[in-house]
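According to this note's numbering, the sequence shown is numbered sequentially starting from 26.
Written out below as structure tokens is the structure these notes cover.
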Amino acid sequence: MVEAVIIDGYTDEPAGLGVPPYLDAIQRYVAGAIWTAEPSWDIKYFTIDELRNEPEKGLKVANRAKLVVFIAGTTVPGKYLGGNPISFRELITYAKLLDRPLKILGGPASRFGFGIEGGKAAIPRRALEELFDIVVYGDVEKVVYELLIERLAIERVNPHEELKRTSKLHEEFAVRGAHIIRDHPEYPDHLILEIETYRGCPRAFYGRACSFCIERHYGRPDFRPIEAILKEVKALYELGGRHIRIGRQPDIYAYMAEGIGESEFPKPNVRAIRELFEGIRRVGPHLETIHIDNVNPGTIAHWPNESKEITKIIVKNHTPGDVAAMGIESADPNVIKQNNLKVEPEEALLAIELVNEVGRIRGWNGLPHLLPGINFVYGLKGESERTYELNLEFMREVLNRGLMVRRINIRQIMVFPGTDMWDVGNRIMKRHKRLFKVYKERMRKEIDLPMLRRVIPSGTVLRRAYVEAYDVRKRLTYARQMGSYPVLIACPMKLPLREWNDFVVIDHGYRSVTGLPYPIPINRLSPRLLTRIPGIGRGKARKILMMRPFKNVKEIVEKVGLAPDEAEMFTIK
Ligand code: SF4
């Protein structure tokens, strides 16, 4: 009998992602909390997409359980290929359809409010209180644990309960909860496990919180001990987890930083970061993906020597194609000042340069090892048309200096209660809707496109991409490599889904590349696609068409006049 059900409505926070192929840490902690209090309980985990596909089946199991925990909430706007976060309407509907079990709501939606989309204010969490037995304002894993210890007596449980990341109980939840990964539809090969190192922003704790950011609510930075993180990674690895992202923290360079509360940018702890990354390699020797997320460019600008060491440590121990996502937010001094943002444009450039210097070397999968990703937020106080122009100019400067960035996120603000932006709301964003559209397009055209050509030039072979979807109308197959902010590969051929393929890049969109399966199936390729292969002009394409089918690669060399290393990109299959 299933005693507890976890319904994963997906989560996306500034520090932490839980939309497939990602599984966030909170969902695993909740499972761990249940198994710590009730080791013999059977837990069923559903993603919201599984529930959508088979609502009757899912609701039947959930209605027979003693406890149902919904995890939901996106507090940053995003577009997702791997899954659709639960909508407000769905949350209400599913909660209403469950009349027997105790219903708990946890995650960012219950803590900060239900985020709708960029440019809009969140729905305050009060709106959800009637539908659930407990709307958790603190840590859902701790509240669930207390509820079970109290034999489901909700009146004895405090929904504001927090769980210190340094506590033994948290360590236990993380390790026990690892077992739930086997229930995820993307397990084992196509699942990325988000790993938490700490929460709470050192800068916000010093009193310099950015106007829009919810991370301040976590208070003093609460660092998980290295040993606890390694035990969790080991448990996940032993269960078959092969892809992890060290993404649940506001700034990985500030993990275990020294002088928290004494300075806006405390001194990075190189030793701790080395121990952490070398430890991960030790406990998960065959991890296929070890990526990071969230780097405060201000930490790098203030501590360049330590940051360079840290970048080297990451590059030595991670896997290539990694992204240091930097919230630069704005290059307009007026906006920076009015919103307490972390870096001036010159400091941001320094951070981008430093990561480029160490991380730009290309790895086995065809991508540079570690590049910055840039986040801009629009709709902030003090914003004007000049802001849009300055952000574009800033990125032009990055391009002109020969630097690389992996992606530029252009976001409309999501406004949450308890932030400085709450009183302003989405007024500015509404006023600037048209500007946003125009400048987003310009950023894509003038910066993204040439940048993508620089980062992934034509002819690059992108290794081990997972084939995710086929669009019948466009006749395109979509694939992505595993890891942080993977670039979308659109292939103009129909390929079997849920398989791994290599692709050679033949063209670029603003945010995606066109790729052909590698090696290229020379006997099957259409004439139109043949001419698009780098190095194969119309003349050689015509020869290929006349001479095929080829029986082996040697024949291609002899009959088409290609050099042996050029012919290696083809297969006769
Ligand atoms: S530096 Fe600003 S955006 Fe980053 S976590 Fe701190 S408050 Fe949030």
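Beta carbons: idealized from backbone N, C-alpha and C, even for Gly.
Only a predicted model underlies this, so the values are computations on that prediction, with no experimental measurement involved.
Task: Host beta strand (DSSP E) of Glu38 (start-end) - done: 29–38
Open item on the list: Considering only DSSP beta bridges, list what Leu247 is partnered with.
Closed with: As written in the sequence, residue 247 is Asp, which differs from the Leu given in the question. Beta-bridge pairing links Asp247 to Arg224.
Task: Buried/exposed call for Ile335, threshold 16 Cβ in 10 Å - done: buried
Open item on the list: Can you check which of these residues, Arg306, Thr412, Asn425, Tyr105, is closest to Lys362 by C-alpha distance?
Closed with: For the options Arg306, Thr412, Asn425, Tyr105, the alpha carbon positioned closest to that of Lys362 is the one of Thr412.
Open item on the list: Can you find the residues in the same chain that come closer than 7 Å, C-beta to C-beta, to Asn319, ignoring five residues on each side of it along the sequence?
Closed with: Ala40, Gly272, Gln274, Pro275, Asp276, Ile277, Ala350
TODO: Using alpha carbons as the reference points, say which of Arg478, Ala56, Ala29, Pro397 lies closest to Val348.
DONE: Pro397
TODO: Give the secondary structure of Trp447 by DSSP, where H, G and I count as helix, E and B as strand, and everything else as coil.
DONE: If DSSP states are grouped into helix, strand and coil, Trp447 belongs with coil.
Open item on the list: Given 8 Å as the limit, tell me if Asn434 has its C-beta closer than that to any heavy atom belonging to the ligand SF4.
Closed with: no
Task: Pro517 versus Arg426, His195, Arg557, residue with shortest Cα-Cα distance - done: Closest option to Pro517, Cα to Cα, is Arg557.
Open item on the list: Within a Cβ cutoff of 7 Å, which residues of the same chain sit near Arg207, ignoring the five residues on either side of it in sequence?
Closed with: Leu264
TODO: Flag Pro39 as yes when its Cβ comes closer than 8 Å to any non-hydrogen atom of the ligand SF4, and as no otherwise.
DONE: yes
TODO: Grab the span of the alpha helix (DSSP H) containing Thr118 for me, first residue to last.
DONE: 113–122
- [ ] Just tell me which of Ile251, Thr36, Ile59 has its CA closest to the CA of Gly108.
- [x] Among Ile251, Thr36, Ile59, the Cα nearest to that of Gly108 belongs to Thr36.
Task: Nonlocal neighbours in the same chain, by C-beta distance under 6 Å from Ala146, ignoring five residues either side - done: Val440, Gly450, Asn451
Open item on the list: On the criterion of 16 or more Cβ atoms from any shown chain inside 10 Å, does Asp357 qualify as buried, or is it exposed?
Closed with: With 16 or more Cβ atoms within 10 Å of its Cβ, Asp357 is classed as buried.
Open item on the list: Output needed for Pro559: all residues of its chain with C-beta closer than 6 Å, excluding positions within five of it in sequence on either side, in chain order.
Closed with: Correct list, in chain order: Ser483, Gly484.
Open item on the list: Output needed for Ala282: all residues of its chain with C-beta closer than 7 Å, excluding positions within five of it in sequence on either side, in chain order.
Closed with: Excluding sequence neighbours, Ala282 sits near Pro227, Pro291, Lys292, Pro293, Asn294.
Task: Meets three-Cβ-pair contact criterion under 8 Å: the segment 425–444 and the segment 123–143 - done: yes
Task: Residue nearest to Pro45 in terms of C-alpha spacing, selected from Lys104, Pro126, Gly404 - done: Lys104
TODO: Return the residue from the list Asp124, Glu79, Val169 that minimises the CA-CA distance to Ile31.
DONE: Val169
Open item on the list: Could you check if Leu366 belongs to the surroundings of the ligand SF4, using beta carbon to heavy atom distance under 8 Å?
Closed with: yes
Task: Coil, strand or helix - Ile315 by DSSP - done: In the structure shown, Ile315 falls within a strand segment according to DSSP collapsed to helix, strand and coil.
- [ ] Compute every distance between the C-beta of Pro275 and the non-hydrogen atoms of the ligand SF4, then say whether any falls below 8 Å.
- [x] yes
Open item on the list: Just verifying my parser: in three-state terms, what is the DSSP assignment at Val44?
Closed with: coil
TODO: Give the single residue among Glu196, Phe237, Val582 whose Cα lies nearest to the Cα of Ala260.
DONE: If we check each option's Cα against that of Ala260, Glu196 comes out closest.
Open item on the list: Whole angstroms are fine: how far does the CA of Gly540 sit from the CA of Thr596?
Closed with: 15 Å
Task: Exposed unless 16 or more other CB atoms sit within 10 angstroms - verdict on Leu570 - done: exposed
Open item on the list: Quick check on Pro521: buried or exposed, where buried means 16 or more other Cβ atoms within 10 Å of its Cβ?
Closed with: Result: exposed.
Task: Three-way DSSP call (helix, strand, coil) for Arg299 in this model - done: helix
Open item on the list: Tell me which residue opens and which closes the alpha helix (DSSP H) that Asn425 is part of.
Closed with: 410–425
Task: DSSP-derived helix/strand/coil call for Asn294 - done: coil
Task: Cα-Cα separation between Asn390 and Leu474, rounded to whole angstroms - done: 21 Å
Task: Cβ-heavy atom distance, Arg245 to the ligand SF4, below 8 Å - done: no
Open item on the list: Please tell me whether Ile51 and Val165 are closer than 9 Å, where the distance is taken between their beta carbons.
Closed with: yes
TODO: Go through the segment 518–591 residue by residue and report every complete run of the alpha helix (DSSP H) that reaches 4 residues or more, in order.
DONE: 552–555, 563–572, 578–585
Open item on the list: Considering just the uninterrupted stretch of the beta strand (DSSP E) at His195, what are its terminal residues?
Closed with: No beta strand (DSSP E) contains His195, which is instead part of the alpha helix (DSSP H) from 193–202.
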